[in-house]
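**Student:** Going by this note's numbering, the first residue of the sequence shown is number 2, and it counts up by one from there.
For glycine and all other residues, C-beta sits at the position ideal for the given N, C-alpha and C.
Handing you a structure now.
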Amino acid sequence: EDAPVVLSNPRLFRPFEAILKLMPLPQYGTIDPTPFVAVFFPAFFGLMMGDIGYGLLLALLALVMHWRSKPGTLWRSVSEIAGACALFAVIAGFLYGELFGDLGRHWLGLRAVLFNREEAMVPFLILAVALGAVHVLLGLILGVFATVRRHPRQALGRGVSALMIAAIIVGLLAVVEVLPHGLFTPAVITVLVAFPVLILAEGIVAPIELLSSLGNILSYARIMALGVASVMLAVVANRMVGAMGS
Numbered sequence: 002e003d004a005p006v007v008l009s010n011p012r013l014f015r016p017f018e019a020i021l022k023l024m025p026l027p028q029y030g031t032i033d034p035t036p037f038v039a040v041f042f043p044a045f046f047g048l049m050m051g052d053i054g055y056g057l058l059l060a061l062l063a064l065v066m067h068w069r070s071k072p073g074t075l076w077r078s079v080s081e082i083a084g085a086c087a088l089f090a091v092i093a094g095f096l097y098g099e100l101f102g103d104l105g106r107h108w109l110g111l112r113a114v115l116f117n118r119e120e121a122m123v124p125f126l127i128l129a130v131a132l133g134a135v136h137v138l139l140g141l142i143l144g145v146f147a148t149v150r151r152h153p154r155q156a157l158g159r160g161v162s163a164l165m166i167a168a169i170i171v172g173l174l175a176v177v178e179v180l181p182h183g184l185f186t187p188a189v190i191t192v193l194v195a196f197p198v199l200i201l202a203e204g205i206v207a208p209i210e211l212l213s214s215l216g217n218i219l220s221y222a223r224i225m226a227l228g229v230a231s232v233m234l235a236v237v238a239n240r241m242v243g244a245m246g247s
C-alpha cells in the first residue's frame with residue numbers, strides 16, 4: 002500500500018503532472034488522472050475566458066515563459082499549460098464571437114457560432130451543467146475501475162450512483178421534452194430499482210453522497226458565472242476607454 006508512485010505520461014500530457022503534484026498522488030495500482038486533467042482543465046479555462054484577443058495575449062505570454070524557462074522546470078510546465086489554455090480560449094472565442102470583448106463585433110462584424118455570452122445566459126448555463134454531468138459521471142466510472150479489485154462493494158456503489166445520476170438526467174430531459182417523453186417512466190423505474198441496491202452497497206450514507214454528486218454537477222454553473230463576468234469586464238473596460246473619446 003505504501004509503494005512509491007511515479008507519474009508517467011505521454012509528452013503531450015506531462016506538463017499537467019504539475020497540477021496533480023499539488024494534491025496527494027494516486028495510489029499505486031489506481032488510475033492516473035493526468036490525461037483527464039489535461040483535457041478538462043484547459044477546456045474549462047477556455048470556456049471561462051472565451052476571447053480570441055485575450056487568448057492570443059495569453060499565448061504570447063506562454064511563449065515568452067517557454068523561451069525563458071529551462072526544460073524540466075515548473076515554469077516550463079506552467080508555460081505549456083498556459084499555451085493549452087490559450088488554445089481553448091481562442092477556440093471558445095470563435096464560438097462566442099468575441100475579440101477583446103465586443104470590439105470584434107463592432108469592428109470586424111464578428112458573429113457567434115454557438116451563442117453570445119452577453120445575452121444567452123440559459124444556453125450557457127445548460128452547457129456548463131451538462132459538462133459538469135459528464136465530468137462527475139466520468140469520475141464515478143473511473144472510480145469503479147479503480148476500486149473494483151480491492152473494494153468491489155465500493156465499486157458497485159459508485160457504478161449504481163453513476164447509473165442513477167444518468168437516469169435522473171434522462172428523466173429531467175424527458176420532462177422538458179429535450180428527449181422523448183416516453184423515456185421518463187423507464188428513468189424513474191431505474192432510479193427506484195437502483196436505490197435499494199445503492200443502500201445495500203454503501204449503507205445509509207449513500208443517499209447523502211448521491212445528493213452530493215448531484216450538487217457537484219449543479220456547482221459547474223460557476224463556469225457560466227465566471228464566463229459571463231469575463232465578457233462583461235471586457236465590455237466595461239472598452240466602454241470606459243470609449244468614454245475618454247477613443
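Identify every run of the alpha helix (DSSP H) within the segment 31-114, keeping only runs that are complete inside it and at least 4 residues long; order them along the chain.
**Tutor:** Listed in chain order, the complete alpha helix (DSSP H) runs (minimum 4 residues) inside the segment 31-114 are 35-50, 53-69, 75-97, 104-109.
**Student:** Please list the terminal residues of the continuous alpha helix (DSSP H) segment that includes Gly158.
**Tutor:** Taken as a continuous stretch (DSSP letters only), the alpha helix (DSSP H) holding Gly158 covers 153-176.
**Student:** Among residues of its own chain, excluding the 5 on either side of Pro5, which ones have a beta-carbon nearer than 8 Å to its beta-carbon?
**Tutor:** Tyr29, listed in sequence order.
**Student:** When the distance is taken between beta carbons, is Gly158 closer than 8 Å to Val235?
**Tutor:** Here residue 235 is Ala; the residue named in the question, Val, does not match the sequence. No, Cβ-Cβ distance for Ala235 and Gly158 is not below 8 Å.
**Student:** In three-state terms, what does DSSP make of Ser214?
**Tutor:** In this structure, Ser214 counts as helix in the three-state DSSP scheme.
**Student:** Rounded C-beta distance between Asp33 and Leu8? I'm assuming under 8 Å.
**Tutor:** Going by Cβ atoms, the distance from Asp33 to Leu8 rounds to 6 Å, so yes, they are a contact pair.
**Student:** Between which two residues does the alpha helix (DSSP H) holding Val231 run?
**Tutor:** Reading off the sequence, residue 231 comes out as Ser, not Val. Start and end: 222-243.
**Student:** When the Cα of Thr31 is compared with those of Met122, Ile20, Leu201, Val145, which residue comes out closest?
**Tutor:** The candidate whose alpha carbon is nearest that of Thr31 is Val145.
**Student:** Along the chain, where does the alpha helix (DSSP H) containing Gly140 start, and where does it finish?
**Tutor:** Looking at the DSSP string, the run of the alpha helix (DSSP H) that includes Gly140 is 122-148.
**Student:** Drop a sphere of 10 angstroms on the beta-carbon of Val177, count the other beta-carbons inside from all chains shown, and report buried for 16 or more, exposed for fewer.
**Tutor:** Exposed, since its Cβ has fewer than 16 Cβ neighbours within 10 Å.
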